[in-house]
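**Student:** This is the structure, below, for whatever I ask next.
2 protein chains.
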Amino acid sequence: MRNEYPLTLNDLSYSIAEVILGERIKIMTNHFEIGLYTFAELTPDPRTGDLISPAQRLQQFIERVELADQVGLDVIGLGEHHRPDFVSSAPEVILAAAAARTRSIRLSSAVTVLSSDDPVRVFQRFAALDLISDGRAEIMAGRGSFIESFPLFGYDLQDYNELFVEKLELLLKIRANERVTWSGQHRPPLDDRGVYPRPLQEELPIWIAVGGTPQSAVRAGTLGLPLAVAIIGGMPEQFGPLVALYREAAAGAGHDPAKLPVSINSHGFIADDSQQARDYAYPYFEQVMNKIGRERGFPPMTRDHYDASCELRGANFIGTPDDVIEKILFQHEIFGHQRFLLMMGIGTMPHDKVMHAIELLGTKIAPAVRREIALRMK
Amino acid sequence: MRNEYPLTLNDLSYSIAEVILGERIKIMTNHFEIGLYTFAELTPDPRTGDLISPAQRLQQFIERVELADQVGLDVIGLGEHHRPDFVSSAPEVILAAAAARTRSIRLSSAVTVLSSDDPVRVFQRFAALDLISDGRAEIMAGRGSFIESFPLFGYDLQDYNELFVEKLELLLKIRANERVTWSGQHRPPLDDRGVYPRPLQEELPIWIAVGGTPQSAVRAGTLGLPLAVAIIGGMPEQFGPLVALYREAAAGAGHDPAKLPVSINSHGFIADDSQQARDYAYPYFEQVMNKIGRERGFPPMTRDHYDASCELRGANFIGTPDDVIEKILFQHEIFGHQRFLLMMGIGTMPHDKVMHAIELLGTKIAPAVRREIALRMK
Numbered sequence: 001m002r003n004e005y006p007l008t009l010n011d012l013s014y015s016i017a018e019v020i021l022g023e024r025i026k027i028m029t030n031h032f033e034i035g036l037y038t039f040a041e042l043t044p045d046p047r048t049g050d051l052i053s054p055a056q057r058l059q060q061f062i063e064r065v066e067l068a069d070q071v072g073l074d075v076i077g078l079g080e081h082h083r084p085d086f087v088s089s090a091p092e093v094i095l096a097a098a099a100a101r102t103r104s105i106r107l108s109s110a111v112t113v114l115s116s117d118d119p120v121r122v123f124q125r126f127a128a129l130d131l132i133s134d135g136r137a138e139i140m141a142g143r144g145s146f147i148e149s150f151p152l153f154g155y156d157l158q159d160y161n162e163l164f165v166e167k168l169e170l171l172l173k174i175r176a177n178e179r180v181t182w183s184g185q186h187r188p189p190l191d192d193r194g195v196y197p198r199p200l201q202e203e204l205p206i207w208i209a210v211g212g213t214p215q216s217a218v219r220a221g222t223l224g225l226p227l228a229v230a231i232i233g234g235m236p237e238q239f240g241p242l243v244a245l246y247r248e249a250a251a252g253a254g255h256d257p258a259k260l261p262v263s264i265n266s267h268g269f270i271a272d273d274s275q276q277a278r279d280y281a282y283p284y285f286e287q288v289m290n291k292i293g294r295e296r297g298f299p300p301m302t303r304d305h306y307d308a309s310c311e312l313r314g315a316n317f318i319g320t321p322d323d324v325i326e327k328i329l330f331q332h333e334i335f336g337h338q339r340f341l342l343m344m345g346i347g348t349m350p351h352d353k354v355m356h357a358i359e360l361l362g363t364k365i366a367p368a369v370r371r372e373i374a375l376r377m378k
Numbered sequence: 001m002r003n004e005y006p007l008t009l010n011d012l013s014y015s016i017a018e019v020i021l022g023e024r025i026k027i028m029t030n031h032f033e034i035g036l037y038t039f040a041e042l043t044p045d046p047r048t049g050d051l052i053s054p055a056q057r058l059q060q061f062i063e064r065v066e067l068a069d070q071v072g073l074d075v076i077g078l079g080e081h082h083r084p085d086f087v088s089s090a091p092e093v094i095l096a097a098a099a100a101r102t103r104s105i106r107l108s109s110a111v112t113v114l115s116s117d118d119p120v121r122v123f124q125r126f127a128a129l130d131l132i133s134d135g136r137a138e139i140m141a142g143r144g145s146f147i148e149s150f151p152l153f154g155y156d157l158q159d160y161n162e163l164f165v166e167k168l169e170l171l172l173k174i175r176a177n178e179r180v181t182w183s184g185q186h187r188p189p190l191d192d193r194g195v196y197p198r199p200l201q202e203e204l205p206i207w208i209a210v211g212g213t214p215q216s217a218v219r220a221g222t223l224g225l226p227l228a229v230a231i232i233g234g235m236p237e238q239f240g241p242l243v244a245l246y247r248e249a250a251a252g253a254g255h256d257p258a259k260l261p262v263s264i265n266s267h268g269f270i271a272d273d274s275q276q277a278r279d280y281a282y283p284y285f286e287q288v289m290n291k292i293g294r295e296r297g298f299p300p301m302t303r304d305h306y307d308a309s310c311e312l313r314g315a316n317f318i319g320t321p322d323d324v325i326e327k328i329l330f331q332h333e334i335f336g337h338q339r340f341l342l343m344m345g346i347g348t349m350p351h352d353k354v355m356h357a358i359e360l361l362g363t364k365i366a367p368a369v370r371r372e373i374a375l376r377m378k
C-alpha cells in the first residue's frame, strides 16, 4: 500500500505534514516535540532575597507560555504541589488561563498526583481544558515525588503504589467509556454513571511520568501509555535500560512501541555564553536541589557536582543553545525519544532571564534539533 | 468622626468611588452590580433541532463573557453540572479561560455543589482563579438543585443538609486560616495542614445560594455570608420575608446587615421589542423548564404561565430594556438587594440573540438601574 504514495508520513517534513494533515498527527511523524515544564515555585531569589507574590508568579507563568507558543514550542507542563513554596495546586485552572492566550502549544500537567485525587474530577477538569483549548490538553500522571498531598486528602502513604494503580485504572476506564461501572478500594464505586463533559480529542493523552522505577515503566508499557522519564541527576545514559524495558513491555502486551512516544524531562537553563549560563544558574539550582535534598536526606550539591551535571553526559541542560542541541541529540541516540521537556529556570529565577532562555529554546534549539532528528529518522 | 468628611461612602457616585477607592469597595458603595449566569446547557435548539458541540458551546461562553466585560457588566456566574446536557462540570477551569480574556468582570461559580466536593480542592481551585484574574474570583456555594453529583462522588442524598453544613464549615475555616486542624464525618480530618495557594483577595467571597428554604437563609445570615436568592418562578415578592429573615439572622448573630449584599438571580431574555422577546424566548424556556419539571414532578409550563411570568410581578425578566429596568427597580423596593444576575438565554439559544441581549443589559439596563438605585440610596 505504502508504495502507491510518493511520500509517506515519515518522508514529510514537519511543516508540510502540519499543513496537509493538521497539528494532531505530529507525534506520528518525525516532528520532535520540545517544550517546557515548571512547578511554579515561589521561593526567594537567592541572589537578592526578593520574593514575588503568588499572583506575579502566575502572571509570569502566563507570559512564558505565551512566548513559548509564539516561538513554536510544542508543550507546556505545570506541576501540582500543595505547599507554600509552590503556587500551583490546581494546574488545570492555571493552564486554562494560558490556553485562552495561546494557539498551538499543548497544555499538560507535570504531574497530576493521581494517587491522591479523584479520577472522575481529574477527567472532568482536563476535558474542560481540552474543550476550551481546541484539543490541546494532556494529563501527565505520576505517583508523585512530593508526598504532602497524601495527608492533605486523607490517604495513607502505605498505599502509595496501590492507590496509583487503582486510580489509573479508573481514569483509563473513564477515558474509554462515557458511562462507567467500577469498584475499588480507594474511591466510592460507580454504577453505570456518566462522566461529562467528554473532551474534544478522541483520546485525551495520558502520559505516565516515572522517576526511574522499573515497575512504573513496565506498567506504562503494558497499558500502552506514553512514557515521561524525569532525569534530574546522575548519568542519563543509565536510563537507557529503563526505556528499553518500557518498549519491551509495550511490545509484549501487543502495543506497537513505534507508536508510543517517550519524553525526557530535565532541568536546565540557556544563555548566550556557556560559562555565564552555568554561573548564573548555579545559586538557583543549589537552592532548589539542596532544599529537596534536605527533605529527602540527599547529600548537598556542590559546585563540582553541578559542573559535572552540565557536561554532555550529565543530567542538566545548562549552557548555550549549541550545548543544549548537542545534549538533546546525544540523548536521542540513547533513548530515541519523541519529546524533550525542559524545566526552565528552576526555583524563582528572574523573569527576563527565563524569557530569554525560552526564546533561545524556541528559535535556536528547537529548529536545529527537529531538523537533525528528522534526518536521522529518514 | 464621619462629620469630619464632607462626603461619606454613600454620597459618592459609582464612578468617583471607583476612581478614588478602587474597584473592590464597589459593594460598600451605591454601586448596584448587574451580571449574568449560565449553566452552559447543551441542548438541541427547539426551533431548528441543531445541536452545537461542547467546544462550540464553551467558545460561545467565552465570547459572551468578553462582551459582558466590555459593556461593563459586573459578574459572570457559571454552574456545575455532571450530565450530558450541560458542559460545565469544572466551572473554575472554564472561568480561568474567561479570566484571561477579560479585565474587570468578577468570576463566580453559580453554584459550586459544595456538598459533593472537597472544600480543600474547592478553595485551591478558586484561589488559583483569584490569582490569575487579579482578585476577581467568587464562590457561590449551594446544596445543589440537581442531585446527579451525589451518586457520582459517592455521597448519600440522605446527608443532603448535613454534608453542606459540614463542608461549608471547613471551607470557611480554610478561608480564615492558612493552616487548618479539623475533623468531621464526610471528609478525612486535617491535622495542622496548610492549604495553598492563598488567594489574592484578603477574603475570597463565598456567597450562599438558596432556592427558598428559610433555614438556608438563616444559616447564611448567621454566618455573615452574602446571600444569592434564585427566583425562577412564582411571585418574587413572596421572597421578601426570606430576605428579611436573612437580615434578621445576620443582625442577631452580630453581623451588620448593611454590609451583607443580597443577590437576586433570575431567568430572562432581552430584545428590542416586548412581544418579540416573549415570542422568541418561549420555546427555549418551555424546553428547559419542562425538562426540569418532568424530572421533579412539576406540571408543564403553559404559554399562559409564561406570559404571566413576564409581567411586572412575575419571575422572568423577559422583554425590552425598559421592561427589565422596571422589574429590577420594582424588586429593589422589595428586597433592597445589591446585585442582580440574569440567566440569559436559557437552554441553547442562538449565540447572536444572546450577544445582543448582553449588549442591551450592559449598555441600556445597567446604567439606568445603577443611576436610579444610587439616587434611592442617597
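Same order as they appear, the protein sequences are chains A and B. Numbering follows our numbering, with no gaps: position 280 of the first sequence is 280. Numbering follows our numbering, with no gaps: position 207 of the second sequence is 207. All residues carry an ideal CB built from backbone N, CA and C; glycine is no exception.
1) To the nearest angstrom, report how far apart residue 108(A) and residue 99(A) are at their CA atoms.
2) Can you tell me whether residue 298(B) is buried or exposed? The criterion is at least 16 other CB atoms within 10 Å of its CB, across all chains shown.
3) Look at residue 229(B) and residue 183(B) and say whether their C-beta atoms are less than 8 Å apart.
4) Please state the DSSP three-state secondary structure of residue 246(B).
5) Could you give the DSSP three-state label for residue 289(B): helix, strand or coil?
6) Quick check on DSSP: helix, strand or coil for residue 280(A)?
7) Would you list the one or two residues that DSSP bridges to residue 33(A)?
8) I'd like the list of long-range same chain contacts for residue 235(A), defined as Cβ closer than 6 Å, with 5 residues on each side in sequence excluded.
9) Using DSSP with H/G/I as helix, E/B as strand and the rest coil, what is residue 22(A)?
10) What is the DSSP secondary structure of residue 194(B), reduced to helix, strand or coil?
11) Starting from the C-beta of residue 13(A), find all residues in its chain whose C-beta is less than 8 Å away, skip the five residues before and the five after it, and write them out in chain order.
12) Classify residue 73(A): buried if its beta carbon has 16 or more other beta carbons within 10 angstroms, exposed otherwise.
13) Please list, in chain order, the residues of the region 132-157 of chain A that have any C-beta partner in chain B closer than 9 Å.
14) Which stretch, first to last residue, makes up the alpha helix (DSSP H) that contains residue 223(B)?
15) Alpha helix (DSSP H) containing residue 370(B): first to last residue?
16) What are the complete alpha helix (DSSP H) segments, minimum 4 residues, inside the region 134-210 of chain B?
17) Would you mind reading off the limits of the beta strand (DSSP E) that contains residue 132(A)?
18) According to DSSP, is residue 363(B) helix, strand or coil?
19) By DSSP, does residue 228(A) sit in helix, in strand, or in coil?
20) Could you tell me whether any Cβ in chain B is nearer than 8 Å to the Cβ of residue 218(A)?
21) Taking residue 197(B) as the query, report the chain A residues whose CB atoms sit under 7 Å from its CB, ordered along the chain.
22) Taking residue 84(B) as the query, report the chain A residues whose CB atoms sit under 9 Å from its CB, ordered along the chain.
23) Leaving out five residues on either side along the sequence, give the residues of the same chain with a beta carbon under 8 Å from the beta carbon of residue 130(A).
24) Is it buried or exposed, residue 254(A), if we count other Cβ atoms within 10 angstroms and call 16 or more buried?
25) Could you check what DSSP says for residue 324(B) in three-state terms: helix, strand or coil?
26) Taking only beta-carbon atoms, is residue 92(B) less than 8 Å away from chain A?
27) Contact between the region 215-232 of chain A and the region 182-196 of chain A is defined here as three or more beta-carbon pairs at a separation below 8 Å; is this criterion met?
28) So, with DSSP's three-state summary, where would you put residue 41(B)?
29) Since residue 78(B) is in the beta strand (DSSP E), which residue starts that stretch and which ends it?
30) Quick one: using the 10 Å Cβ neighbour count with 16 as the cut-off for buried, is residue 112(A) buried or exposed?
31) Listing by chain order, which chain B residues have their CB less than 9 Å from the CB of residue 110(A)?
32) Whose CA, out of 318(A), 332(A) and 377(A), lies closest to the CA of residue 358(A)?
33) Can a CB atom of chain A be found closer than 8 Å to the CB of residue 44(B)?
34) Can you give me the Cβ contacts of residue 280(A) inside the same chain, cut-off strictly under 8 Å, excluding the 5 residues immediately before and after it?
35) If you draw a straight line from the C-alpha of residue 172(B) to the C-alpha of residue 227(A), how long is it?
36) Taking 8 Å as the CB-CB cut-off, is residue 362(A) touching chain B?
**Tutor:** So, from the listed chains and residues:
1) In a straight line, the C-alpha of residue 108(A) is about 11 Å away from that of residue 99(A).
2) By the C-beta density criterion, residue 298(B) is exposed, having fewer than 16 other C-beta atoms within 10 angstroms.
3) Contact: no.
4) Secondary structure at residue 246(B): helix, using DSSP grouped into helix, strand and coil.
5) In the three-state scheme derived from DSSP, where H, G and I count as helix and E and B as strand, residue 289(B) is classed as helix.
6) Helix at residue 280(A).
7) Under DSSP, residue 33(A) shares a beta bridge with 339(A).
8) Cβ neighbours of residue 235(A) beyond the five flanking positions: 313.
9) Note on residue 22(A): pLDDT 39, under 50, position unreliable in the model; the coordinate value appears next. The three-state secondary structure of residue 22(A), taken from DSSP, is coil.
10) Of the three classes helix, strand and coil, the one that applies to residue 194(B) here is strand, per DSSP.
11) With a pLDDT of 36 at residue 13(A), under the threshold of 50, the modelled position of this residue cannot be trusted; read the value that follows with caution. Answer for residue 13(A): 30 and 374, listed in chain order.
12) Using a 10 angstroms sphere on the CB of residue 73(A), the tally of other CB atoms reaches 16 or more, which defines it as buried.
13) Listed by position, the residues of the region 132-157 of chain A near chain B (Cβ gap below 9 Å) are 132, 133, 134, 135, 148, 151, 152, 153, 154 and 155.
14) Where residue 223(B) is concerned, the enclosing alpha helix (DSSP H) stretches over 214-223.
15) Residue 370(B) -> alpha helix (DSSP H) spans 366-376.
16) Assignment of alpha helix (DSSP H) within the region 134-210 of chain B, counting only whole runs of 4 or more residues, yields 149-152 and 160-176 in chain order.
17) Unbroken run through residue 132(A) is the alpha helix (DSSP H), 119-132; no beta strand (DSSP E).
18) Helix, per DSSP.
19) The answer is strand: DSSP assigns residue 228(A) an E or B state.
20) Judged by the 8 Å Cβ criterion, residue 218(A) is not in contact with chain B.
21) Neighbours of residue 197(B) on chain A, chain order: 54, 87 and 89.
22) Correct list: 178, 194, 196, 197 and 198.
23) Taken in chain order, the residues that qualify are 136, 137, 199, 200, 201 and 204.
24) With fewer than 16 other CB atoms across the displayed protein chains lying within 10 angstroms of its CB, residue 254(A) is exposed.
25) In this structure, residue 324(B) counts as helix in the three-state DSSP scheme.
26) Chain A contact via Cβ: present.
27) Contact annotation: the region 215-232 of chain A does not touch the region 182-196 of chain A, with fewer than three C-beta pairs closer than 8 Å.
28) In the three-state reduction of the DSSP assignment, residue 41(B) falls in the strand class.
29) Unbroken beta strand (DSSP E) run through residue 78(B): 75-78.
30) When all chains shown are included, residue 112(A) counts as buried.
31) Those within 9 Å of residue 110(A) in chain B number zero; the least Cβ separation is about 16 Å.
32) Each of 318(A), 332(A) and 377(A) was checked against the Cα of residue 358(A), and the nearest Cα belongs to 318(A).
33) Not closer than 8 Å to any Cβ of chain A, the Cβ of residue 44(B) fails to qualify, so no.
34) 269, 271 and 353, listed in sequence order.
35) Cα-Cα distance, rounded: 40 Å.
36) False, the Cβ-Cβ gap to chain B never drops below 8 Å.
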